[in-house]
Each structure stands twice: as C-alpha cells, then as structure tokens.
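Input: a single structure, listed below in structure tokens.
Number of protein chains: 2
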Amino acid sequence: MNHDEINTLLKPKTIAVVGASATPGKIGYTVVENLKKSGYKGAVYPINPSASDILGFKCYASITDVPGSVDAAVMCVPVKLVNTCAEDCGKKGVKGLIVITSGFSEVGRKDLEEELVATARKYKMRILGPNIVGTLSNSDKMNASFAPFLPLDGKATLITQSGALLIAMDAATYTRRVGFDKMVSIGNMCDVDIADIIEWLNGDESTTCTSLYIEGLKDGRKFIKAGRASKKPIIALKSGVSAHGAAAAASHTGSLAGAAKVYGSAFKQAGVIQASDLDNLFDRTLALSLMPPLKGENLLVITNGGGVGVLATDAAERYGIPMKFAPKDVQEELKKHMPEFGSAKNPVDLTGMAGTEWYAESVRFAISHPWVDGLIVLYCETAMTNPLEIAKGIKQALNEAGIKDKPVTVSYVGGEKSAAAMSWLVENGIPAYAAPDLAVNAMAALREYALLRETAKEPDYKSNDAARKAAMQIISAARADGRDALTEIEAKQVFNAYGLPVTSTELAKTEDEAVALAKKIGFPVVMKIVSPEILHKSDAGGVKVNIKDEAAAREAFNTIIKNAKAYKADANIHGVAVQEMAPWGTETILGSTNDATFGPTIMFGLGGIFVEVLKDVTFRVAPIDKVQAAEMFEEIRAAAILKGARGEAPRDRKALSDTVEKYSSMIIDLEDEISESDANPVLVYEEGKGLKVVDARIILKKK
Amino acid sequence: MNHDEINTLLKPKTIAVVGASATPGKIGYTVVENLKKSGYKGAVYPINPSASDILGFKCYASITDVPGSVDAAVMCVPVKLVNTCAEDCGKKGVKGLIVITSGFSEVGRKDLEEELVATARKYKMRILGPNIVGTLSNSDKMNASFAPFLPLDGKATLITQSGALLIAMDAATYTRRVGFDKMVSIGNMCDVDIADIIEWLNGDESTTCTSLYIEGLKDGRKFIKAGRASKKPIIALKSGVSAHGAAAAASHTGSLAGAAKVYGSAFKQAGVIQASDLDNLFDRTLALSLMPPLKGENLLVITNGGGVGVLATDAAERYGIPMKFAPKDVQEELKKHMPEFGSAKNPVDLTGMAGTEWYAESVRFAISHPWVDGLIVLYCETAMTNPLEIAKGIKQALNEAGIKDKPVTVSYVGGEKSAAAMSWLVENGIPAYAAPDLAVNAMAALREYALLRETAKEPDYKSNDAARKAAMQIISAARADGRDALTEIEAKQVFNAYGLPVTSTELAKTEDEAVALAKKIGFPVVMKIVSPEILHKSDAGGVKVNIKDEAAAREAFNTIIKNAKAYKADANIHGVAVQEMAPWGTETILGSTNDATFGPTIMFGLGGIFVEVLKDVTFRVAPIDKVQAAEMFEEIRAAAILKGARGEAPRDRKALSDTVEKYSSMIIDLEDEISESDANPVLVYEEGKGLKVVDARIILKKK
C-alpha cells in the first residue's frame with residue numbers, strides 16, 4: 001500500500017545513513033549529527049567501512065551487516081556509488097531510499113536516475129529524491145537531512161523542490177513565527193512525487209495544511225487528482241511563471257517547466273490555493289493550518305484605528321472578498337462597546353480608546369452572530385493599551401463563544417510589544433500579521449479554499465468510443481497520405497464525429513459538383529480552396545463568401561482554382577470546399593495544445609481583438625465537463641458579452657458549454673494523435689439558438 | 001516666506017505647550033514629557049494657570065506671560081478653549097500653532113475650524129492640524145507629540161493623515177528596521193497641508209524621501225504641483241481606494257474622498273510613486289530613502305540559490321521591470337566566480353557554495369559594468385556560510401567600486417543570523433528585505449521614480465481667450481434660456497470654438513432649410529431631433545442616418561418631427577439637426593468630470609464594449625498637453641488597436657493627442673461653467689487622416 005511505503009520514507013522506525021562520515025562538515029556526518037540532535041527515537045545505523053563509531057552510534061561496513069531491519073536508508077555517498085549501495089539496500093530489505101546525493105537528471109544524467117529506479121523496483125523500494133536535503137519532522141523528532149535543525153513546530157507540512165529554499169525557510173520559521181510539522185525536500189522526483197506525499201498527508205495526524213514550493217511538476221494530471229482528493233488545504237508557490245523566469249528555471253532544475261499559464265488553471269482544477277510570493281506562502285500557510293475555511297461572504301472587521309480599518313477594506317476588495325455594511329442589529333449591539341464617535345458600520349471602529357474589554361465584548365458578540373462568516377481583528381498600538389492583554393482578551397472571547405467553524409485572523413501594527421502579542425496569538429492558534437492587508441489576504445485564502453472545495457471536482461467524463469473510431473479512420477487516412485495536418489474538411493469530420501456543430505462543408509472537384517453541393521447545403525454558401533500546400537487561403541484569393549446562386553457558384557469555383565494555380569503553380573489542389581454560410585454571431589475561439597506537463601489542455605476566449613489584442617483567454621486541463629466549461633466563460637474579462645451586454649440578448653452558453661465538453665472529450669480520446677487543434681471562430685447565437693463551428697483545424701502528433 | 005513659516009512648526013526654536021498638565025496620563029503632560037525625553041534643545045514653556053512647574057519647566061498662567069519669543073505653540077486644550085488660546089498666541093507673537101485638539105471638521109464642526117483659521121490669519125500664524133498627534137523629528141531631537149518616543153532614525157519623513165497610524169508606525173520602525181527622520185501628523189489640514197510640507201522638505205537636509213499616508217486631499221492640484229516640484233522621491237499610500245473603503249473612510253475623516261480612480265492618475269501626474277499597502281510603504285520608503293533611481297532597464301540578480309533567483313525573476317516581470325539575459329562579456333567574467341554548475345545568465349546563480357569572496361567579486365564587477373543599471377543581491381541562508389560576513393563583503397565591494405548612481409537592493413531568506421545581517425546592511429545604507437520579491441519590488445519603485453521624473457511635468461498649456469469668449473456666449477444664451485444642458489448643436493459650437501473637429505451640424509427649422517443645409521454640408525447626411533426634452537433621440541424615432549438625396553432629406557425631416565411629437569406631445573422642438581455623416585473610423589471616447597478634489601478631469605477610452613464591458617479607460621487631471629495625452633493612449637489595455645492591430649493601418653494618434661489637448665483647454669478654461677462633458681464617439685482615422693467628433697454633450701454647473 002502506498003501509505004505504508006511512504007511511511008518508510010517520512011516516518012521510518014529505523015534509519016541507516018549510507019555514506020556516514022566521522023568528519024564534521026561532511027554531509028554524511030551532519031545527517032548523523034542531526035538525527036541525534038533532533039532526538040530521533042528509532043535506531044540509527046551509520047554505514048562506513050572505515051569507522052567503528054560515529055557520534056556514539058555503532059558503525060557498519062555495509063548495510064548488509066546491520067543486525068535489525070531497516071526502514072529507510074539516507075544515501076550520502078558520491079553519485080557513482082549510489083546504485084551499488086542501492087543494490088545492497090535492496091538485498092538487506094530496506095524499504096525506502098532517501099537519496100541526498102546529487103548529480104542525476106538535474107545535470108543531464110537521467111540515465112543514472114533510471115538505473116537507480118530500476119534497482120528500487122527490483123527490490124520494491126521507494127525513493128525520495130535524488131538531489132535533496134532530506135526530510136524533517138517535528139512530530140517524529142526526526143531531522144533526516146543536512147538542514148541544521150528542526151523548524152519551529154507548526155501544523156503545516158512543506159514540500160519543496162528547492163533544497164536551498166528548505167534550509168533558508170527552516171531558519172526563517174523562527175524569525176517569522178510560522179512553523180511546520182514536516183519539511184520534505186522532494187528533489188528530482190524520480191519515484192515518489194509531490195502527489196504521493198499529498199495523498200500520504202491525508203493520513204498524517206500532525207499535518208493540517210500542505211504547503212508547496214513548485215518549480216515544475218512531472219505528471220500534472222496525477223497532481224490534479226491528488227489535489228482534488230486531498231482532505232486538507234494545499235497552498236502552492238509556483239516559481240518560473242514569468243517568461244524569463246521559466247527560462248531561468250530551465251537552466252537550474254531538471255524538471256519540465258510546462259506552459260506557465262496552464263499552471264494557474266491546473267491549480268484551480270486541483271483545488272490548490274496559490275501563493276503570490278514567498279512571504280505570501282508563509283502567511284497563507286499560517287492561516288490555512290490554523291483556521292477553518294471562510295464559508296460565506298460576510299466578513300466583519302473590528303479595529304481601534306480608522307486608518308487600518310480602511311486599509312483592510314481596500315485589501316478585502318483587492319483580494320476578492322469585498323466587505324459590506326453590517327446589518328442593523330449587529331451595528332446596534334456593537335455600538336454599545338465604543339464611544340459616541342466610533343463606527344459600528346464595518347469596519348467596526350472601536351476607536352483608540354478601545355481596551356481589552358471592548359475588544360473582548362465585540363469579538364464575543366461578532367463571532368457568535370449568524371450574519372458573521374469570518375472575523376478580522378485589527379489593532380494599532382497605542383500608548384494607553386496593552387497589546388498582549390488585548391490578545392489574551394480576543395482569545396478568551398473566542399474560547400467563550402466556542403465557535404469552531406468560523407475563521408479569525410488578526411493584525412497588529414506596532415513595535416516590540418505588538419510583536420510579542422502576535423507571537424502569543426500564533427502560539428495559541430490564532431494567525432496574526434504585522435499589517436492589516438496581510439490579515440485580509442490570509443482570510444482571502446480561507447475563502448478561496450471554501451470555494452475551491454466546491455468546484456475542484458473530477459469531471460463527469462466518459463470516453464466516446466464510436467466517435468473515436470470514426471475519427472481514427474479520418475486521421476489514419478491523412479497519415480497514410482503522409483500528412484500531419486488535416487484539411488479543414490477532415491478536421492470538421494473529426495469534430496462532427498464528436499458532435500460538434502460544424503458548418504456543413506463538402507469537397508467539390510468540379511464546377512458541377514460545386515453547384516450541386518451548394519444547392520444541397522442551401523444558398524448562400526462560402527467556397528474555399530482545399531490544398532495542403534495553401535494554408536493562407538485568403539492570401540491566395542482562395543476564399544469567396546456570400547455566394548447567392550448557381551451562376552455565382554460556377555464563377556467562384558473557377559476563379560478560386562485559377563487564383564490558386566496562379567498563387568502556387570505546383571500546389572496539390574484537392575478541389576474547392578463548399579460550405580454553409582453561418583449567420584453572424586458572437587465570435588468565440590476554442591483551442592487545444594498538448595502541454596508537456598498536463599497533456600491535452602483547452603483554451604477558450606472571444607474571437608478577434610479579444611484574443612489578438614487583449615489576450616483575454618482562459619485555460620483548462622482536459623477533460624472537463626459542462627459545469628467546468630461554464631466556469632471558463634466567467635473567467636474572461638469580457639465575460640459580460642456572453643451574458644448579453646449592451647442590450648443584446650444573452651448568448652447560448654448552454655450550447656457553448658456542451659460544445660466545450662465535447663471538444664474536451666475529443667482531445668482526450670485522441671490524446672495520442674492530436675498535437676493541437678482549434679475551432680475558430682465558433683459563432684454563438686442567442687439563448688436557445690445554438691452555435692456553429694465555422695472553421696476547424698487539427699495538427700497531428702508526428703509519429 | 002512659506003519655508004520660514006513651516007520652519008516654525010516643524011523646526012521651532014522655542015515651544016509653548018498650551019494646556020500643559022502636571023497629571024501623568026494627560027496629553028498635556030505627555031507632550032511636555034516627550035519634549036524633555038527626546039532631548040529637545042529649545043526652550044519649553046508649559047502654559048497652565050494652576051501649576052508652577054511641570055517636569056522641571058517653569059509654568060506660565062498665560063502664553064502672554066512667557067518672557068522670550070515663542071515659535072510654536074502646541075495646543076492641547078479642550079476644543080472650546082482653542083480659539084481663545086489662539087488669540088492669546090497671536091497677541092504674544094507666536095508664529096505657528098500645532099493643534100493636537102480634536103473636535104473640529106472631523107466631527108462636523110467646520111465652523112470651529114474656520115474661526116481658528118480666521119484668528120491665525122489675523123496674526124499671521126500658520127496652523128498644523130487640528131486633530132493631530134503632533135510632530136516628531138530625530139534631527140531636531142524633538143518629540144512635540146503624544147506619540148511615546150522618537151522613531152528609529154532614518155532618512156525619510158512620514159506625513160500621515162491618521163494619527164493612530166503614526167503612533168503604531170512609530171513603534172513599528174523599531175521592529176521593521178525602517179526609520180524616519182520626521183513624522184508629521186497632518187490632521188484636518190485647515191491651513192498647512194501635505195503640499196506645503198512636501199515643498200518645505202525640499203530644503204530639509206535630513207530628509208531624502210517623503211512618505212505619505214493619505215486618506216483624502218483637499219486641494220488636489222496644489223498637491224500635483226508640489227509633487228512635480230519636489231526634488232526628492234515621494235511615495236504615497238492612499239487608503240479608501242475600494243468602493244466600500246471610500247464609504248468607510250468618509251465615515252471617519254473630515255476630508256473629501258474624491259473619485260478613487262482619479263487619485264492613481266493624479267499621483268502619476270504629480271510624480272508620486274504609489275505603495276500598495278502598509279508593508280509596501282515601509283519597504284519602498286527604505287529603498288527610496290537610501291538609493292538613487294534606477295535609470296535604465298538592465299537589472300542583474302546575483303544569488304546563491306536558484307529558487308530565490310527564479311522567484312526574483314518572476315517578481316521582476318510582475319512589478320514591471322522584466323529581466324534579460326546578461327551580455328556575453330558579463331557572463332564570461334561572472335563564470336569565474338562560481339563552480340561549473342552555477343549559471344551566469346541572469347539570475348546569476350553562484351550556487352550554495354558561494355561564500356563572501358564570490359559574492360564580493362561578483363558584486364564589484366557587476367556594479368561597475370556599463371551594461372548593469374541596477375543590482376539585486378539575494379542570499380539564501382546555508383549552514384556553511386556566514387550571513388553577516390557576506391553582508392560586509394557586499395558593502396565593501398560596493399565601496400571599492402565607488403559607483404554612486406546605480407541602485408542596489410538585497411534580500412536574505414533565513415533566520416536570526418540573516419535578520420542581523422539585514423539590520424547591518426540597512427544601518428550601512430543598503431536596503432535589505434526578508435524575501436526576494438520585496439527586494440525586486442523596492443527596485444521597481446526606484447525604476448518608477450526614474451520614469452516619473454521624466455514624465456511628471458507641468459503641461460505646456462495656455463488659456464484660449466478667444467475660444468473662451470465664444471463659448472461663454474453660447475453658454476450664457478443657454479443659461480438665459482433656463483437650461484443647464486446644452487443641445488448637441490450648442491455643445492458642438494463650444495467644441496468648435498476650441499478647435500475640436502466636430503462634424504458640421506446645423507439647425508433646420510423647416511423642411512426647406514433641412515434640404516438647403518444638407519446640400520451645403522454635402523450628402524449623405526444624418527438628421528436628428530433637437531429638443532431639450534428629448535434626450536434619448538433614437539428611442540423617440542428622432543434619428544435618421546445615411547440620407548442620400550433631397551427627397552430623402554424632406555422625408556426624414558417630416559418623419560422626425562412627427563415621431564418626436566408622437567413621443568412627447570408637449571416637447572419644445574427646436575428643429576432638426578442636419579449633420580455631416582462621418583466615415584466610419586476607430587471609435588474612441590473623451591469625457592470630463594469635475595472631481596471634488598482635483599477639479600476638471602479627463603477620461604479617455606475606446607468606444608463601445610471597451611468602455612461599457614471592459615471599463616478600459618484612463619484618467620488625467622486637466623490641463624494636459626499633447627505629450628501627456630499620448631501617454632493616455634498607451635495606458636489602456638487595448639492600446640494596440642490605435643497602433644494598428646490585426647493588419648490595419650495605425651490610427652492618427654497625432655490628431656488624437658492634439659484633440660485631447662484642446663479638449664483639456666476647454667474644460668479648464670470653462671471650469672466654472674462645465675460640470676461634465678463628452679465627445680462620444682470620436683472617430684479616428686488612419687495616420688494623416690485626422691478624426692471627427694460625431695456627438696458632443698455638455699452639462700453646465702448649476703448656478
């Protein structure tokens with residue numbers, strides 16, 4: 001079972017240190033020293049052929065000499081010895097390898113990693129790493145790493161792809177007062193990956209929140225699955241999201257960067273909350289690890305300073321949890337705990353005269369009131385009041401109210417006394433921050449978590465075997481023809497197989513055929529050149545629109561063929577596509593790419609300037625269902641247009657979400673065949689009147 | 001002279017405390033105590049009729065009893081006594097009143113404020129406040145406030161509209177290690193305002209940067225003028241920028257909020273850098289007070305950890321200073337100071353092995369290289385290196401390089417040792433931050449400052465007297481007619497007087513006149529009903545377009561009149577406007593409002609969905625000139641459309657900027673008359689082909 005296997009890596013009962021050293025300063029020494037210093041309760045077996053004892057632990061020449069059983073082996077040997085040592089571990093019956101050693105795929109030696117994985121598979125061992133700092137756990141009093149000490153104790157677990165950052169963040173837990181139970185260096189992820197740890201953490205009683213620093217995932221879809229199944233909040237900081245950042249990341253890690261933009265969508269689909277930067281990762285982790293989600297929209301802010309109250313209000317709008325005025329009864333009650341010139345509206349300004357009692361009374365009332373979904377308490381240091389006493393008053397009021405399912409965050413603006421009060425609050429389970437916007441941002445994370453729990457679900461998806469079969473025939477024929485781009489007619493046939501409402505388009509090889517097809521389809525029609533060599537049809541004079549009768553159809557056919565020949569004499573001309581002329585509607589675009597990390601991925605946007613000038617598009621990792629498709633329509637800036645802006649009737653979003661679901665099925669079913677595709681434009685009509693895919697394009701994967 | 005007057009408030013040589021108290025805990029006691037504790041060197045005169053001595057200072061019954069001259073009087077008496085005491089101060093020859101007392105316009109008693117101002121004017125006294133904490137200065141060892149101590153010493157001066165925030169920030173300077181030379185509580189600004197202090201600070205040797213917390217300005221244009229003239233960087237945190245925040249702010253201060261969106265533009269026009277929140281105000285202030293502006297685009301990042309390097313790179317893009325790869329010669333030199341697996345590309349990754357020497361060598365080389373405009377140094381705490389030593393190495397390298405005109409910011413991610421190293425750096429003049437994105441954000445502020453110094457200039461503006469005279473005739477006629485909305489024809493006449501290229505539009509009262517005008521203007525024409533009672537002309541069937549000949553003109557005239565009468569029988573019908581039909585162009589909109597804080601303000605955007613759905617508009621406080629107008633075109637998201645997106649020719653931006661300049665002149669010249677106006681649409685043609693204002697609207701101020 002996966003859970004037991006990961007247990008041997010993250011909660012091993014016995015540890016061997018392969019490559020242990022008696023020389024201080026060497027990693028093989030530091031790891032043994034750290035296990036000792038951290039108070040690890042299991043057996044520790046240093047392995048080193050030339051030492052008899054390291055730091056009081058009996059040393060063995062080979063792991064096979066160790067008397068008892070060994071759960072995990074921490075590997076600190078040079079890279080050239082790793083595989084031999086892994087063989088020995090396998091023979092010994094070791095269950096997990098924690099491979100600190102570097103020099104694998106991160107420097108281009110993927111072969112060494114594959115060799116190591118093969119050895120591990122042979123002996124049913126799991127691997128953490130290679131190229132890691134190790135793994136640390138407060139609840140197990142275990143520092144199986146070369147990071148100098150266990151982090152400040154906390155309820156979150158950090159998984160990081162950067163070892164340097166683990167060490168720096170470890171130290172920073174003490175200055176920032178944000179603790180972790182575990183810190184796991186995940187490294188090259190040749191075997192166990194972030195998704196495995198996320199899954200394992202569901203069963204870890206010491207962890208209430210998973211905090212991630214991600215440079216690049218390997219298996220994006222496995223990550224999404226694990227995120228959706230997580231019973232605990234997950235917060236991720238993704239680095240390399242800028243264009244130059246992605247390039248810089250590529251130069252320093254072995255992992256695939258993936259399209260930066262797709263990550264944002266994938267996190268959302270996985271139910272993973274995002275951190276904007278390193279500070280924000282610490283800050284949001286603190287709140288997510290201590291507080292329940294914010295289940296409703298009604299946020300109350302209590303303050304002793306109008307200024308910080310307004311700053312919090314601004315921040316609430318900026319972070320997507322805008323505030324409202326409190327209802328009358330709430331205002332009336334709160335008015336009792338402030339002077340005449342205070343304000344009970346929200347933010348509730350108790351004024352600078354507010355002492356412990358007013359704070360406590362207001363907090364106790366507010367958290368208990370059914371209107372209030374979440375509470376932010378702000379304090380500006382004054383000469384007259386005692387920050388720590390007020391902190392204790394807040395905590396006691398919350399205890400007395402006994403409400404466990406509403407989140408509270410706190411901000412103190414002030415000096416040493418305020419800092420001490422905030423430390424006390426955090427130690428007593430209440431997230432506290434040094435600026436009002438930070439307390440609001442933390443609350444926003446709790447709201448995001450509540451919303452993501454609703455939306456990040458497995459799509460309602462089934463493979464369409466009949467459609468797939470039909471599509472494969474068309475694709476195979478094109479491949480047999482030596483092509484990896486389908487013609488528009490072929491692409492539309494594939495779309496059509498999946499039920500996408502394409503405009504009728506058929507191939508005419510002669511003038512007479514063109515007329516017959518135009519009559520069958522119904523005038524007016526559009527006619528376009530069909531030639532694999534002519535991609536830019538308009539430039540070649542190969543497109544005629546609004547052809548209204550037989551005479552015009554004949555003329556158009558001949559003109560198009562003549563123009564095409566003039567444009568490219570040696571072009572292989574299949575004929576002329578005769579196409580239904582769809583009435584004009586709201587122009588939208590669907591596209592797909594095959595992302596290196598996440599696989600088939602859908603893009604949606606409005607057409608024309610919205611895509612070309614405003615880049616107003618949104619992404620989803622496929623498959624998605626109708627409901628998830630409809631969420632995309634809300635995400636674009638021009639969302640209002642689909643709802644019927646400027647007096648127009650709302651567009652048929654039901655038909656559109658249905659079409660996106662089918663498109664998603666198509667690119668998933670044909671994942672091994674389609675490299676990229678698009679439906680552009682998709683003309684969407686009024687509600688109830690459907691849509692039409694006017695042009696279609698499919699590029700096949702090279703085989 | 002203004003400078004000397006403000007001197008008496010912020011650097012008084014002698015201070016009286018009017019309302020001094022011998023009772024600890026009272027504000028009148030605290031102020032005297034603070035003056036003493038802070039080591040103030042001038043004479044201190046407590047004024048209190050019932051005490052003879054307070055804290056060792058001889059006490060006087062009335063200020064008129066004080067033997068020597070008095071620069072400033074700190075007023076702590078109850079509000080009802082303030083004016084009487086001010087009279088006494090005036091008689092005594094006091095030059096400045098620092099009015100701590102509250103109970104004025106912030107609680108609706110503007111009358112008391114006006115009375116106080118009148119008294120001050122009578123005796124040529126200046127007033128700071130009322131409703132303030134006081135004013136503090138490290139360089140003068142003066143704490144003339146009830147804030148408990150002087151802030152950590154620094155090179156910036158804080159001016160704040162929130163007294164509570166001043167006290168809290170005062171304490172926070174010690175925990176954040178961001179100091180101030182002065183902290184000025186500005187309060188209700190009944191006399192001296194933020195602009196006055198900004199101007200005064202130009203001559204203050206102890207201040208290198210002005211830091212503002214603003215709730216609402218009173219005289220927006222004076223602020224812009226002071227900002228432009230400032231010789232030092234100014235950074236502002238504006239609270240109440242959200243919809244609910246503005247409402248909350250209104251409930252707790254006496255000042256006008258102004259349209260939140262206009263503030264952003266006004267800050268830009270004033271050359272004022274913005275802070276996003278309280279943390280950001282501290283962080284950016286630190287860099288702006290210690291470092292020169294970032295004059296070019298080439299930013300080099302040196303790091304010992306790839307992870308933080310990539311995070312910095314991401315932040316650089318997010319904050320508008322995207323990074324590039326370093327040129328070959330830079331890379332080659334830097335390669336010498338790192339192991340084989342490091343990276344010299346940018347970010348320059350010295351790897352975790354980097355000690356003081358590599359850092360120092362890289363920094364010394366990089367800051368001296370002509371390609372490098374600014375340098376960000378990142379450090380991830382490791383077990384093997386000494387944070388403080390590396391800090392000293394960085395400082396020494398910078399000293400040796402001797403480059404004074406390029407900025408450097410630093411980030412350390414780590415624990416106590418890193419915190420100590422950062423404190424050392426700040427004390428030695430190098431801004432240092434606890435996360436890489438903060439160091440980047442600080443650098444972005446230095447870049448914004450460099451750019452704002454170029455753009456925030458007085459507009460090249462002259463009043464147009466002839467146009468104003470012509471416009472006033474039309475406006476007076478409309479007022480005489482009892483109207484405060486001009487008709488389209490009148491509005492176009494006003495626009496035309498200012499040289500705005502409106503479509504020819506004339507009034508026809510009869511069918512024959514309509515035909516004659518159509519012929520004069522040239523077919524095709526547009527015809528519209530003219531009636532002050534019919535605002536929605538299309539709804540009334542009062543608009544006909546594309547009228548191609550005489551017969552059509554006759555029919556249109558009659559139909560429009562008939563429709564209008566049917567729509568509103570008692571409407572006062574002036575006739576039918578016959579209008580040149582402008583060829584279609586790119587639709588843009590100009591609008592103006594009269595902002596409560598900033599006065600006449602211009603809005604610009606593209607028409608249709610861009611304004612209505614995307615709210616893609618930008619603002620400027622008038623007047624602006626051509627060059628400043630052109631900057632607006634770059635600010636909208638759809639900026640590319642004016643440059644000729646999707647294969648179209650670029651639009652005539654020269655004509656457009658010329659038009660915006662004229663529009664700006666119009667609303668400034670007619671500031672006392674026009675409440676709001678718009679030119680919608682303004683159709684902009686290809687470069688060299690100009691534009692046409694198709695419709696015009698002017699609403700007059702009620703008189």
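Chains as they are written, first to last, in full-length UniProt numbering: chain D, 1 to 703; chain Y, 1 to 703.
Every residue, glycine too, gets a C-beta built ideally from N, C-alpha and C.
Reference residue i; option with closest CA among the options
i                      : options                                   : result
Ala419 of chain D      : Y:Lys155, Y:Tyr263, Y:Phe523 and Y:Tyr174 : Y:Tyr174
Glu661 of chain D      : D:Glu631, D:Ile636 and D:Asp672           : D:Glu631
residue 705 of chain Y : Y:Val410, Y:Ile475 and Y:Ile132           : The structure shown does not extend to residue 705 of chain Y, since chain Y spans only 1 to 703, so no value can be given for it.
Asn428 of chain Y      : Y:Asp204, Y:Ala655, Y:Val178 and Y:Gly305 : Y:Val178
Asn42 of chain D       : D:Ala72, D:Ser21, D:Ile63 and D:Ala497    : It should be noted that the sequence gives Gly, not Asn, for residue 42 of chain D. With distances taken between Cα atoms, Gly42 of chain D lies closest to D:Ala72.
Between the CA atoms of residue j and residue i - distance to the nearest angstrom
i                 : j                 : result
Lys268 of chain Y : Pro233 of chain Y : 12 Å
Arg228 of chain D : Lys238 of chain D : 18 Å
Thr30 of chain D  : Phe146 of chain D : 6 Å
Val627 of chain Y : Tyr685 of chain Y : 19 Å
Asp74 of chain D  : Leu350 of chain Y : Reading the sequence as shown, one finds Val at residue 74 of chain D and not Asp. Taking the straight line from one Cα to the other gives about 27 Å.
Lys231 of chain Y : Pro322 of chain Y : 27 Å
Glu506 of chain D : Ala553 of chain D : 14 Å
Lys689 of chain D : Val310 of chain D : 47 Å
Ile674 of chain D : Ala236 of chain Y : 53 Å
Phe282 of chain D : Met183 of chain D : 13 Å
Leu212 of chain Y : Thr160 of chain Y : 6 Å
Thr588 of chain Y : Gly542 of chain D : 35 Å
Ile547 of chain D : Pro524 of chain D : 5 Å
Asn131 of chain Y : Gly28 of chain Y  : 14 Å
Phe87 of chain D  : Arg121 of chain D : With the sequence shown as reference, residue 87 of chain D is identified as Glu, and Phe is not the correct amino acid for it. Glu87 of chain D and Arg121 of chain D: Cα-Cα distance of roughly 11 Å.
Phe180 of chain D : Ala638 of chain Y : 45 Å
Lys643 of chain D : Val617 of chain Y : 22 Å
Lys702 of chain Y : Thr593 of chain Y : 14 Å
Lys345 of chain Y : Leu452 of chain Y : 30 Å
Residue environment, residue i, which counts as buried when at least 16 other CB atoms sit within 10 Å
i                 : result
Arg126 of chain D : buried
Val545 of chain D : exposed
Lys395 of chain Y : buried
Gly402 of chain D : exposed
Pro650 of chain D : exposed
Review point. Of the residues that make up the segment 57–75 of chain Y, which ones have a beta carbon closer than 7 Å to any beta carbon in chain D?
Key: none
**Study point:** Residues of the segment 613–647 of chain D whose Cβ lies closer than 8 Å to any Cβ of chain Y, in chain order
**Key:** Val613, Leu614, Arg637, Ala638, Ala640, Ile641, Ala645 and Arg646
Review point. What residues from the segment 88–113 of chain Y come within 7 Å of chain D, judged by C-beta to C-beta, listed N to C?
Key: Val107
Review point. Hey, which unbroken runs of the beta strand (DSSP E) at 3 residues or more fall wholly within the UniProt domain "ATP-grasp" (492–528) of chain D?
Key: 505–508
Practice item. Starting from the N-terminal side, write out each stretch of the beta strand (DSSP E) that is 3 residues or longer and does not extend beyond the segment 40–107 of chain Y. Key: 43–47, 72–75 and 96–99
Point to revise | Residues within the segment 675–690 of chain D neighbouring chain Y, beta-carbon criterion of under 9 Å | key: none
Check your understanding: What residues in the segment 397–419 of chain Y have a beta carbon less than 8 Å from any beta carbon of chain D?
Key -> Val413, Gly414, Gly415, Glu416, Lys417, Ser418 and Ala419
Practice item. Output, in sequence order along the chain, the residues in the segment 293–324 of chain D whose CB is closer than 8 Å to any CB in chain Y. Key: Asn304, Gly305, Gly306, Gly307, Val308, Gly309, Val310, Leu311, Thr313, Asp314, Ala315, Ala316, Glu317, Arg318, Pro322, Met323 and Lys324
Check your understanding: Got a sec: which bits of the segment 202–215 of chain Y sit with their beta carbon under 9 Å from any beta carbon on chain D, in order along the chain?
Key -> Tyr213 and Glu215
Exercise for review: Anything in the segment 120–138 of chain Y with a Cβ closer than 9 Å to a Cβ of chain D? List those residues in chain order, please.
Suggested key: none
Review point. In chain order, what residues of the segment 359–388 of chain Y put their CB closer than 7 Å to some CB of chain D?
Key: Cys380, Glu381, Thr382 and Ala383
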